[in-house]
Amino acid sequence: MLSLVKVTQYGQSYGTLLLGEADTTLDSLDNNNVLNQLKQSGFIVFRNFNVDLNSFSNFVQRLSFRVTLDPARQFYGAIAQKVDAGFDAVGLHCENGNSPFMPHLCWFFCEKASSRGSQTTVCDGYRVWDMLSPTTQQVFLDKDIVYSRNVESDKWKNFVFHSLQGKKPIGNGVAAVFLEPILGGAYLTVPPAGYLKEVETLCRQTNSLLVVDEIQTGFGRVGKMFAIEFDQVLPDIILLSKGITGGHTSIAIAVMRDTVVHKINTIQGLPARYLASESGGSPYACAAAVASIEFIRRNNLPERAQQLGQRLRQGLKEAARKYPKLILDAPGVGLMTGLRVRNSAVETAITIELGKHKIHVGHSMNESAKYPVLRFYPPLTVTAEEIDRVLAALHEVLTSLNQKPALFYDLFNQLVKRQYRLPKKLLFRLAGLKEAH
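Counting from 1, position 423 in the sequence shown corresponds to residue 436 in my numbering; the numbering is continuous, with no gaps.
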């Protein structure tokens with residue numbers, strides 16, 4: 014019975030506030046009316062109701078055919094999971110991170126009001142926000158229900174702090190933490206400033222080794238000689254390859270702190286090859302590496318990558334702005350950048366068409382990534398004129414591809430995922446290419 018509550022609509026189609034009157038309980042609400050309100054407005058905020066955790070749980074059970082909880086955080090039997098909200102404000106939650114499938118409804122129960130006033134924040138991906146009309150966006154900005162495009166790093170730091178109950182991590186953690194300072198491949202992602210430094214701090218506090226993989230990022234590509242320089246981090250082990258010789262010969266290096274080497278040397282019976290190599294370290298490869306490093310330093314290639322990377326990313330971001338049906342964004346830093354595309358079909362189509370312009374880009378070869386990144390990793394010696402030529406060709410290609418409806422690429426994407434099981438002749442015909450004999 015919605016007659017017992019005050020219904021306030023936020024905007025034309027987003028957000029409803031239900032204010033209970035005179036000890037109104039959730040049991041008095043009609044299921045169908047509540048569900049209809051949800052369908053119309055997207056979410057509902059229930060306030061001023063006479064409710065405890067039991068009655069709220071019963072209400073949720075009535076409106077949900079299945080309730081999924083994180084087993085590690087269940088309490089109060091198996092009807093709720095606790096969210097440590099700190100001292101005052103109710104913290105942000107990430108239910109999808111603990112669920113094997115996308116939920117249809119997310120429920121939150123605040124047992125105690127904040128001592129500093131009240132605000133409800135609804136967080137979603139930037140794509141959802143961008144699809145809202147300017148009028149609807151302004152509704153969220155003006156009201157006390159806030160629609161957030163992202164979560165600031167300070168809020169995540171507070172969440173981590175409160176999840177540790179204000180205590181510093183102590184004792185032995187894991188043996189080692191392995192990470193890329195900038196995630197490459199089909200998921201190109203640049204972490205927020207300070208992220209790597211915080212990981213280093215946690216490793217030091219828990220006696221865990223920090224192993225950083227700079228195989229893609231090292232030797233100038235990101236605008237610094239190494240990506241760890243952005244946060245002034247000194248790992249225990251750094252893994253290096255690829256950029257050391259510019260691809261002219263194969264070499265890989267594991268650089269370790271003296272303390273790590275000393276510790277390994279004290280292990281009784283450890284084979285000597287653990288600190289050496291049975292097939293690497295040839296004079297030719299080492300000479301090529303030294304020459305390459307000298308060339309990188311002498312020609313200031315890291316600084317050059319930073320400057321030309323801005324030119325390239327600006328053009329890629331403009332492409333994302335002009336062709337939102339095909340391109341989601343242009344992540345990256347320096348000359349480690351690319352286009353996050355609608356799906357693998359779009360990535361394949363752009364790759365093929367740029368190939369006709371004699372331009373090679375880094376196809377992710379990852380059909381499982383929902384929004385793969387088509388990589389633009391030019392040589393560090395690339396010129397501004399070459400970047401402009403690539404961007405001009407990209408604009409021509411995207412203009413042509415944009416003429417097809419989005420449904421075409423969604424259907425073609427299903428074909429791409431099955432391409433390795435299709436006849437070669439059919440693939441060449443679909444790509445508009447002649448089969449080589």
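Note that CB positions come from ideal geometry on N, CA and C, so glycine has one too. Keep in mind the model is a prediction, meaning the values are calculated, not measured.
Measure from the alpha carbon of Arg345 to the alpha carbon of each residue in Phe389, Lys338, Leu314, Val359, then state which is nearest. For the purposes of this step, residue 345 is identified with residue 332 of the sequence shown, where counting begins at 1. The amino acid at residue 345 is misidentified as Arg; the sequence shows Gly. Ranking Phe389, Lys338, Leu314, Val359 by Cα distance to Gly345 puts Phe389 first.
So, at 8 Å on beta carbons, what are the nonlocal neighbours of Leu503 in its own chain, with the 5 sequence-adjacent residues on each side left out? The requested residue 503 is not part of the displayed model; the chain covers only 14 to 450.
For Asp226, which beta-bridge partners are listed by DSSP? Locating residue 226 in the sequence shown gives position 213, counting from the first residue. Answer is Leu252.
Is Val386 near Gly351, with beta carbons less than 9 Å apart? Along the sequence shown, read from residue 1 onward, the residue named residue 386 stands at position 373. Along the sequence shown, read from residue 1 onward, the residue named residue 351 stands at position 338. The answer is yes: Cβ separation under 9 Å.
Does DSSP put Asp271 in a helix, a strand or coil? Within the sequence shown, numbered from 1, the residue matching residue 271 stands at position 258. Correct three-state label for Asp271: helix.
What number of angstroms, rounded off, separates the C-alpha of His370 from the C-alpha of Ala406? For the purposes of this step, residue 370 is identified with residue 357 of the sequence shown, where counting begins at 1. For the purposes of this step, residue 406 is identified with residue 393 of the sequence shown, where counting begins at 1. One C-alpha to the other measures close to 7 Å.
Tell me where the beta strand (DSSP E) around Ile57 begins and ends. Numbered from its first residue, the sequence shown carries residue 57 at position 44. Looking at the DSSP string, the run of the beta strand (DSSP E) that includes Ile57 is 57-60.
Along the alpha helix (DSSP H) that carries Ala333, what are the first and last residues, could you check? By one-based count along the sequence shown, residue 333 stands at place 320. Taken as a continuous stretch (DSSP letters only), the alpha helix (DSSP H) holding Ala333 covers 314-335.
Counting C-beta neighbours from all protein chains within 10 Å, is the total for Tyr336 16 or more, i.e. buried, or is it exposed? Residue 336 sits at position 323 when you count from the first residue of the sequence shown. With 16 or more other Cβ atoms within 10 Å, it is buried.
Using 8 Å as the threshold, is the region 251-261 in touch with the region 362-380, meaning 3 or more CB pairs across them? no
Given a cut-off of 9 Å on the beta-carbon distance, is the pair Leu404 and Ala358 in contact? Here residue 404 is taken as the residue at index 391 of the sequence shown, counted from 1. Here residue 358 is taken as the residue at index 345 of the sequence shown, counted from 1. Not in contact: Leu404 and Ala358 (Cβ atoms no closer than 9 Å).
DSSP three-state label for Arg482, please. In the structure as shown, the chain begins at 14 and stops at 450. Residue 482 is therefore absent and cannot be evaluated.
Does DSSP classify Ile280 as helix, strand or coil? Reading the sequence shown from its first residue, position 267 is the one you call residue 280. The answer is coil: DSSP assigns Ile280 none of H, G, I, E or B.
Are Thr38 and Asn63 closer than 9 Å when you measure CB to CB? As a first step, residue 38 must be located in the sequence shown, where it is residue number 25. As a first step, residue 63 must be located in the sequence shown, where it is residue number 50. In contact: Thr38 and Asn63 (Cβ atoms closer than 9 Å).
For the region 298-318 and the region 204-217, state whether three or more C-beta atom pairs, one from each stretch, are separated by less than 8 Å. no
Hey, out of Asp226, Pro284, Val235, whose CA is closest to Val190's CA? Position 177 of the sequence shown, counting from 1, holds the residue named residue 190. Checking every option, the nearest Cα to that of Val190 belongs to Asp226.
Taking 8 Å as the limit between beta carbons, can you name the residues of its chain near Leu411, skipping five residues before and five after? Counting from one through the sequence shown, the residue named residue 411 turns up at place 398. Ala332, Lys335, Tyr336, Leu339, Ile340, Ile363, listed in sequence order.
Should Gly445 be labelled buried (16 or more other beta-carbon atoms within 10 Å of its own) or exposed? Walking along the sequence shown from the start, residue 445 turns up at place 432. With fewer than 16 Cβ atoms within 10 Å of its Cβ, Gly445 is classed as exposed.
Report the rounded CA-to-CA distance for Ser221 versus Ala188, giving the unit in angstroms. Walking along the sequence shown from the start, residue 221 turns up at place 208. Walking along the sequence shown from the start, residue 188 turns up at place 175. For Ser221 and Ala188, the distance between alpha carbons rounds to 5 Å.
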